[in-house]
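Asks: This is the structure I want to talk about, given as structure tokens.
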Amino acid sequence: MSRDLLPGATGVLALADGTILQGVGVGAVGEAVGEVCFNTAMTGYQEILTDPSYMAQIVAFTFPHIGNVGTNLQDIEQMSGAAETAARGAIFRDVPTAPANWRADVDLQTWMSRRGVVGLAGVDTRALTRKIREHGMPHAVIAHHPDGEFDLEALVARAQAWTGLVGLDLAKDASCLQPFVYDEGLWSWPQGYAKLADKPKYEVVVVDYGVKRNILRALTSVGARATVVPASTTAEEILARKPDGVLLSNGPGDPAATGEYAVPEIRKLVDSGTPVFGICLGHQMLSLALGARTVKMEQGHHGANHPVKDLTTGKVEIVSMNHGFTVDRDSLPAPVVETHVSLFDGTNAGIALADRPVFSVQHHPEASPGPTDSLYLFERFAGFMDRAR
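Its first residue numbered 18, the sequence shown is counted upward by one per residue in the working numbering.
See the structure below:
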């Protein structure tokens, strides 16, 4: 981790503590500032890099071989398609490999270049992961310049000047601008993505804080027509649509910052008696609305192999996670019940109201990438909507 430029280096990662990692620049040429986190998933790098929850972050992949399945137009998770509302950069152990998959449209490096995602390869991602585990997620600048010209002191200074995610409302930027209806279901072989039936069983309003497509697909697959509305939509506007249920989506940033305008509306939704289901950022803001607190995590949870226990059934499931803030379980007031817990570090992973059809989880039951152990939660939501009728 030298502060001197190495011969042939075309990419660098400059951390706010002055550490410099050098290697091969890949993807887009340029620079990006953000928070560095590590992701332990072995598959699904395209879904990870297009997940709006990674907005303002630089993702270091712990799995060494990335790129072998290429990229395609179907596996993009964000709705907007804009690179600025997803991961700012990516770090790899090895230079991404050429694709060898029948679904591939273009290789990862070309895709990253087109999207403006700056990449760095050829660095010791294990050492970087250990550093994050010991000292937390650092602020950093990732840079790719083919000529190998870098002002390292200026890059470190820029990383130090970045204010970080605490107090930052990013959901307003990741959210849609106008309501729309989504009718695509989950992918299956060999048909591909299913379509919503002509007569949906449920009408669900999804509050978009940075929603992933697969959340909407999972809703469609249980018979729901998902109407997606902007993050700033009022409870009155949502309830005027007479939904069977409301889903609070995932998204980036500090939940307390987004909660300044979202929490009062969520309280009204809860008080209406309408079934409410929160995922990730939606879970955190529902918790805030019910009187709990959220706190910034040191390492965060990012990966597709996290063990979580459903305390209501006793079942342990492997889930996909992506969050840098967590709900402080000690702040959960009655009648809020803790329903899920992370078996990695014991942090809260789910809550429910004992007296109303309201629940949420910190992990991602829609996966993409990751296992489908938690898809039952969408069935649970459907059950709440059936009983509410």
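Glycine included, every Cβ here is placed at the ideal spot set by N, Cα and C.
Going by the CB atoms, is the gap between A160 and V41 shorter than 7 Å?
Replies: no
Asks: I'd like the ranges of any beta strand (DSSP E) spanning at least 3 consecutive residues and lying wholly in the segment 19-106.
Replies: Within the segment 19-106, the runs of beta strand (DSSP E) at least 3 residues long that lie entirely inside it are, in chain order, 28-32, 37-44, 47-56 and 74-78.
Asks: Tell me whether F167 sits in a helix, a strand or coil according to DSSP, three-state version.
Replies: coil
Asks: Only counting the same chain, and skipping five residues up and downstream in sequence, which positions put a Cβ closer than 8 Å to that of L90?
Replies: D122
Asks: Thinking just about the alpha-carbon of each residue, which of D362, K313, R397 and R230 is nearest to the one in T67?
Replies: R230
Asks: Below 7 Å CB to CB, which residues in the same chain sit around G181 once its five sequence neighbours on both sides are set aside?
Replies: E52 and H156
Asks: Within a Cβ cutoff of 6 Å, which residues of the same chain sit near F80, ignoring the five residues on either side of it in sequence?
Replies: M59
Asks: Got a sec? Which residues, its chain only, sit under 7 Å from T251 by beta carbon, not counting five neighbours each side?
Replies: E282
Asks: Between the alpha carbons of L203 and R397, how many angstroms are there, rounded?
Replies: C-alpha of L203 to C-alpha of R397: approximately 17 Å in a straight line.
Asks: Write down the C-beta distance between G54 and H319 rounded to the nearest angstrom, noting that I regard them as a contact closer than 8 Å.
Replies: Here residue 54 is Cys; the residue named in the question, Gly, does not match the sequence. Indeed, because the Cβ distance is near 5 Å, the residues count as touching under 8 Å.
Asks: Taking only runs that begin and end inside the segment 295-374, name each unbroken alpha helix (DSSP H) of 4 or more residues, in chain order.
Replies: 298-306
Asks: Apart from the five residues on each side of it in sequence, which residues of its chain come closer than 7 Å, Cβ to Cβ, to M18?
Replies: Below a pLDDT of 50, predicted positions are generally treated as unreliable, and M18, at 43, falls in that range; the measurement from the model is reported next regardless. Closer than 7 Å at the Cβ level, and outside the excluded window around M18, lie T36, I37 and L38.
Asks: Alpha carbons only, please: which of V333, G290 and A369 is nearest the one belonging to P388?
Replies: Out of V333, G290 and A369, V333 has the C-alpha closest to the C-alpha of P388.
Asks: For a test of the three-state rule: what should DSSP assign to S130, helix, strand or coil?
Replies: helix
Asks: From this set, E254, R258, A384 and T291, which residue's C-alpha is nearest Q63's C-alpha?
Replies: If you compare the alpha carbons of E254, R258, A384 and T291 with that of Q63, the shortest gap goes to A384.
Asks: Please report the distance separating the alpha-carbon of P352 from that of V287.
Replies: 13 Å
Asks: Does the segment 197-214 come within contact of the segment 241-260, defined as at least 3 CB pairs closer than 8 Å?
Replies: yes
Asks: Mind checking D34: buried by the 16 CB within 10 Å criterion, or exposed?
Replies: exposed
Asks: Which of helix, strand or coil does DSSP assign to G240?
Replies: coil
Asks: Please confirm if the segment 186-199 is in contact with the segment 263-272, defined as three or more CB-CB distances below 8 Å between the two stretches.
Replies: yes
Asks: For H357 versus A371, is the C-beta distance shorter than 7 Å?
Replies: no
Asks: In whole angstroms, what separates the C-alpha of V378 from that of E355?
Replies: 10 Å
Asks: Taking the beta strand (DSSP E) that V183 belongs to, which residues open and close that run?
Replies: Taken as a continuous stretch (DSSP letters only), V183 belongs to no beta strand (DSSP E), as it is neither H nor E.
Asks: Determine the closest residue to V134 out of P324, D261, L265 and G47, with distance taken between C-alpha atoms.
Replies: G47
Asks: Rounded to a whole number of angstroms, what is the C-alpha to C-alpha distance between A45 and G341?
Replies: 26 Å
Asks: Among F376, A77, L30 and G25, which one has its Cα closest to the Cα of A104?
Replies: A77
Asks: Comparing alpha-carbon positions, which option in N339, P324, K313 and A369 lies nearest D3?
Replies: Residue 3 lies beyond the stretch modelled for the chain, which goes from 18 to 406, so this question has no answer here.
Asks: To the nearest angstrom, report how far apart D390 and K326 are at their CA atoms.
Replies: 11 Å
Asks: With distances taken Cα to Cα, identify the nearest neighbour of L307 among A279, G331 and L328.
Replies: A279
Asks: Is it the case that the Cβ atoms of G84 and P113 are separated by a distance below 7 Å?
Replies: Going by C-beta atoms, G84 is nearer than 7 Å to P113.
Asks: Go through its chain and collect everything with a Cβ distance to P207's Cβ below 8 Å, but skip five positions before and after it.
Replies: none
Asks: With DSSP collapsed to three states, give me the class of D225.
Replies: strand
Asks: Restricting to Cα atoms, I'd like to know which of E220, P196 and A235 is closest to S205.
Replies: A235
Asks: Output the boundary residues of the beta strand (DSSP E) element that contains L264.
Replies: Membership of L264 in the beta strand (DSSP E) is indicated by the continuous run G262 to L265.
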